[in-house]
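A.B. asks:
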Amino acid sequence: MSAGKPAAMPEKTHPSPARRRFLTGLAGAAGSGCLMALGAGLYATQSRALAAQALRPPGALPENQFLAACTRCGLCVRDCPYDILKLAAPGDPAPTGTPYFTARNIPCEMCEDIPCIKPCPTGALDPALTDIADARMGLAVLIDQETCLNFLGLRCDVCYRVCPVIDQAITLEKQHNVRSDRHAMLLPTVHSAHCTGCGKCEAACVLAEAAIKVLPAPLAQGKLGEHYRKGWEEREKHGGSLIGDQLELPVRGLEGKPYGDSRVDDTAPPPPAGSALDGIDSGWKP
Amino acid sequence: MNAARRPAPQPGQDAIARKGWLAAHKWLLLRRISQAGILGLFLAGPWFGVWIVKGNLSSSLTLDILPLTDPYLLLQMLAAGFMPTATAVTGALIVTAFYFLVGGRVFCAWVCPVNILTDAAAWTRRRLAVKANHIPDARTRYWLLAGTLAAAAATGALAWEWVNPVSLAHRGLLFGMGAGLWFLAAVFFYDLLVASRGWCGHLCPMGAFYSLIGKTALPRVAAPRRDACDDCMDCFAVCPEPRVIRPALKKAGQESPVILDALCTTCGRCIDICGQKVFRFTHRFDRRSSS
Numbered sequence: 178m179s180a181g182k183p184a185a186m187p188e189k190t191h192p193s194p195a196r197r198r199f200l201t202g203l204a205g206a207a208g209s210g211c212l213m214a215l216g217a218g219l220y221a222t223q224s225r226a227l228a229a230q231a232l233r234p235p236g237a238l239p240e241n242q243f244l245a246a247c248t249r250c251g252l253c254v255r256d257c258p259y260d261i262l263k264l265a266a267p268g269d270p271a272p273t274g275t276p277y278f279t280a281r282n283i284p285c286e287m288c289e290d291i292p293c294i295k296p297c298p299t300g301a302l303d304p305a306l307t308d309i310a311d312a313r314m315g316l317a318v319l320i321d322q323e324t325c326l327n328f329l330g331l332r333c334d335v336c337y338r339v340c341p342v343i344d345q346a347i348t349l350e351k352q353h354n355v356r357s358d359r360h361a362m363l364l365p366t367v368h369s370a371h372c373t374g375c376g377k378c379e380a381a382c383v384l385a386e387a388a389i390k391v392l393p394a395p396l397a398q399g400k401l402g403e404h405y406r407k408g409w410e411e412r413e414k415h416g417g418s419l420i421g422d423q424l425e426l427p428v429r430g431l432e433g434k435p436y437g438d439s440r441v442d443d444t445a446p447p448p449p450a451g452s453a454l455d456g457i458d459s460g461w462k463p
Numbered sequence: 010m011n012a013a014r015r016p017a018p019q020p021g022q023d024a025i026a027r028k029g030w031l032a033a034h035k036w037l038l039l040r041r042i043s044q045a046g047i048l049g050l051f052l053a054g055p056w057f058g059v060w061i062v063k064g065n066l067s068s069s070l071t072l073d074i075l076p077l078t079d080p081y082l083l084l085q086m087l088a089a090g091f092m093p094t095a096t097a098v099t100g101a102l103i104v105t106a107f108y109f110l111v112g113g114r115v116f117c118a119w120v121c122p123v124n125i126l127t128d129a130a131a132w133t134r135r136r137l138a139v140k141a142n143h144i145p146d147a148r149t150r151y152w153l154l155a156g157t158l159a160a161a162a163a164t165g166a167l168a169w170e171w172v173n174p175v176s177l178a179h180r181g182l183l184f185g186m187g188a189g190l191w192f193l194a195a196v197f198f199y200d201l202l203v204a205s206r207g208w209c210g211h212l213c214p215m216g217a218f219y220s221l222i223g224k225t226a227l228p229r230v231a232a233p234r235r236d237a238c239d240d241c242m243d244c245f246a247v248c249p250e251p252r253v254i255r256p257a258l259k260k261a262g263q264e265s266p267v268i269l270d271a272l273c274t275t276c277g278r279c280i281d282i283c284g285q286k287v288f289r290f291t292h293r294f295d296r297r298s299s300s
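In the order they appear, the protein sequences are chains A and B. Per our numbering, the very first residue in the first sequence carries number 178; after that it's consecutive. Per our numbering, the very first residue in the second sequence carries number 10; after that it's consecutive.
(1) Using a C-beta to C-beta distance shorter than 8 Å, which residues of chain B count as neighbours of residue 233 (chain A)?
(2) According to DSSP, simplified to helix, strand and coil, what is residue 124 (chain B)?
(3) Any residues in the region 298–329 of chain A with a beta carbon nearer than 9 Å to a beta carbon of chain B? Which ones, in chain order?
(4) Quick check: the Cα distance between residue 411 (chain A) and residue 339 (chain A), rounded to an integer number of angstroms?
(5) With a CB to CB cut of under 6 Å and the five nearest residues on each side skipped, what residues in its chain are close to residue 207 (chain B)?
(6) Quick check on residue 66 (chain B): buried or exposed, where buried means 16 or more other Cβ atoms within 10 Å of its Cβ?
(7) Can you tell me whether residue 352 (chain A) is helix, strand or coil according to DSSP?
(8) Can you pull the chain A neighbours of residue 146 (chain B), defined as C-beta to C-beta under 8 Å?
(9) For a test of the three-state rule: what should DSSP assign to residue 231 (chain B), helix, strand or coil?
(10) Taking the C-alpha atoms as reference points, what is the distance between residue 79 (chain B) and residue 116 (chain B)?
(11) Just how far apart, CA to CA, sit residue 110 (chain B) and residue 320 (chain A)?
(12) Flag residue 91 (chain B) as yes if its beta-carbon sits less than 7 Å from any beta-carbon of chain A, otherwise no.
(13) Kindly indicate if chain B contains any beta-carbon less than 7 Å away from that of residue 181 (chain A).
(14) Spatial neighbours of residue 112 (chain B) within its chain, please: CB distance less than 7 Å, with the 5 preceding and 5 following residues excluded, ordered by chain position.
(15) Apply the 10 Å Cβ neighbour rule to residue 142 (chain B) and answer buried if 16 or more other Cβ atoms are within range, or exposed otherwise.
(16) Just the Cα atoms here: how many angstroms apart are residue 119 (chain B) and residue 184 (chain B)?
(17) If we count the other Cβ atoms within 10 Å of its Cβ and call it buried at 16 or more, is residue 262 (chain A) buried or exposed?
(18) Just the C-alpha distance for residue 353 (chain A) and residue 76 (chain B), rounded to the nearest angstrom, thanks.
(19) Can you tell me the Cα-Cα spacing of residue 178 (chain A) and residue 60 (chain B), whole angstroms?
(20) Taking only three categories from DSSP, how would you classify residue 291 (chain A)?
(21) I need the straight-line Cα distance from residue 291 (chain A) to residue 331 (chain A), nearest angstrom please.
(22) Using a Cβ-Cβ cut-off of 7 Å, state whether residue 264 (chain A) counts as contacting chain B.
(23) Report the residues of the region 154–171 of chain B with a CB closer than 9 Å to any CB of chain A, ordered along the chain.
(24) Residues in the region 218–252 of chain A with C-beta within 8 Å of chain B's C-beta atoms, listed in sequence order?
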């Protein structure tokens, strides 16, 4: 912008050498100063991404706000009684100077008094968070069903057992084990309404590489379109279907049965107890 | 050209001969004690478990009661569109008030850890008689200061804090340096090989910011015995901001013997280095002068 200035000289045709020096100096200062700032801005934009494995302390503002709010002073790091938090040095998986922890190495202990939030001078760690159960540092995801021992039909359950919000954040969901055809599989299932993202499950996973990982919530969660309505919820809300009940058409051969009952022969006796056909084995063969 | 074969004449020989080594390094030593002491207060916690000051120069808490925040950082934060809670604002006001009284660039000479690095670069430069000198315009720092605020506004993040050597250095010493060492090496070699006093004296936007809040500082260096000056140029050789000396010493544009330029870091090295005892510490209204 200042490079254009030397042209604006109405009285003199030739600018004096002193004035020329002043203006070229000014242009140089402005140019190099702004160029360096531009470089810093570009570098910051490039490297502002938080690696998926780096988690913020409890109460951290959404990432885009956090990068404006965090002074990178490390007071949260100092007041963490378990030395879990770290300030990122250049080259670490988080923007320079900001606090983070890696769940697989050392997860958050979820202190009830949340000591890391208290010293934050700017509110980058939101003081409004007073119940650690409301913290959302990330969201656990059972990311690999091919190696998870419970998915293989074994009873590992470690992630479920270590969860500080057991039976709410992680539940074991019973499912038929098709491979053995005689056992149950108890599948660890994460519920976002209760998971704080502390990372205990990921740290405790017995595999060489954890099958359950805590990821930043935006990465881990899907989102329904704003227009989407669930019929069954709407029906409950309004005390009945908004589009009228479904038409019940007669089905040949099933006349006289309640709608939805499609059994062809409901008079056959149940199979004898103790036989191979008992219990969960359907007896189906390809 | 022949001088290059002999070891370069070092400034301060005359002062050491006349005043003794200790008196010729008095303010330098005090400054190093101040820098090391402040760093020591921060390090006592992580190293010895004695928690006097927590945090770092960006923001800290002393004795669990006194909050301090770098006002330049707060300015970037506001530019980025974030209004911090009262603690940070209070801390920044305390720091601003302090440097308003004692002189903003006292931070540069007496507190900033990068000063040790750039002083070392300047010393090495004199020893090796490095000739190459591509000094950027000294106003560049103000443009960079404005640029960093613009970058914060444009990115919505504290963009300068990704690369700021001052906070990188201090944070690195306290929390782990990592690849930050390369940034500091860049500053050192820039000062050593490219531009004399290039970083602190021409580019650093933090120094630029602190010079702006130190325009009316009380403690100042003055040249009350300026008639005794024998033009040896030693003070110009060691001064990190050589241009500030001339108005006071040579009455260039001012009568007062006080160095009034806000860019003076009040380091006192000119007092040390002068064999004629021309300079002394005083306040800005002290107009006593031998000439």
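Ideal Cβ positions, reconstructed from N, Cα and C, are used throughout, including at glycine.
C.D. replies: Working from what's here:
(1) Chain B residues near residue 233 (chain A): none, gap ~14 Å exceeds 8 Å.
(2) Looking at residue 124 (chain B) - three-state DSSP - the assignment turns out to be helix.
(3) For the region 298–329 of chain A, the beta-carbon criterion of a distance under 9 Å to any beta-carbon of chain B is satisfied by 298, 299, 300, 301 and 304.
(4) The straight-line gap from Cα to Cα measures roughly 37 Å.
(5) Only residues of its own chain outside the window of five on either side were considered, and among them 199 and 200 have a CB closer than 6 Å to the CB of residue 207 (chain B), listed in chain order.
(6) The residue is buried, with at least 16 neighbouring Cβ atoms inside 10 Å.
(7) In the displayed model, residue 352 (chain A) falls within a strand according to three-state DSSP.
(8) Taking a Cβ-Cβ threshold of 8 Å, the residues of chain A close to residue 146 (chain B) are 202, 203, 205, 206 and 209, in chain order.
(9) Residue 231 (chain B): strand per DSSP, three-state reduction.
(10) Their Cα atoms are separated by approximately 11 Å.
(11) Going by the C-alpha atoms only, they are around 58 Å apart.
(12) Yes, residue 91 (chain B) counts as interfacial toward chain A.
(13) With a pLDDT of only 46 at residue 181 (chain A), under 50, the local geometry of the prediction cannot be trusted, and no value is derived from it.
(14) The residues 223, 226, 228 and 275, in chain order, have a CB closer than 7 Å to that of residue 112 (chain B) in the same chain once the five nearest residues on each side in sequence are set aside.
(15) The residue is exposed, with fewer than 16 neighbouring Cβ atoms inside 10 Å.
(16) CA-CA distance, residue 119 (chain B) to residue 184 (chain B), rounds to 22 Å.
(17) Residue 262 (chain A) comes out buried.
(18) Taking the straight line joining both Cα atoms gives about 60 Å.
(19) Because the pLDDT of residue 178 (chain A) is 41, which lies under 50, any placement of that residue in the model is unreliable, and the number read from its coordinates should be weighed accordingly. Here the alpha carbon of residue 178 (chain A) sits roughly 50 Å from the alpha carbon of residue 60 (chain B).
(20) Taken through DSSP and simplified to helix, strand or coil, residue 291 (chain A) comes out as coil.
(21) The C-alpha of residue 331 (chain A) is placed about 36 Å away from the C-alpha of residue 291 (chain A).
(22) True, the Cβ-Cβ gap to chain B drops below 7 Å.
(23) The region 154–171 of chain B vs chain A, Cβ under 9 Å: 154, 155, 156, 157, 158, 159, 160, 161, 163, 164, 165, 166, 167, 168, 169, 170 and 171.
(24) For the region 218–252 of chain A, residues whose beta-carbon sits nearer than 8 Å to a beta-carbon of chain B comprise 218, 220, 221, 222, 224, 225, 241, 242, 244, 245, 246, 247, 248, 249, 250, 251 and 252.
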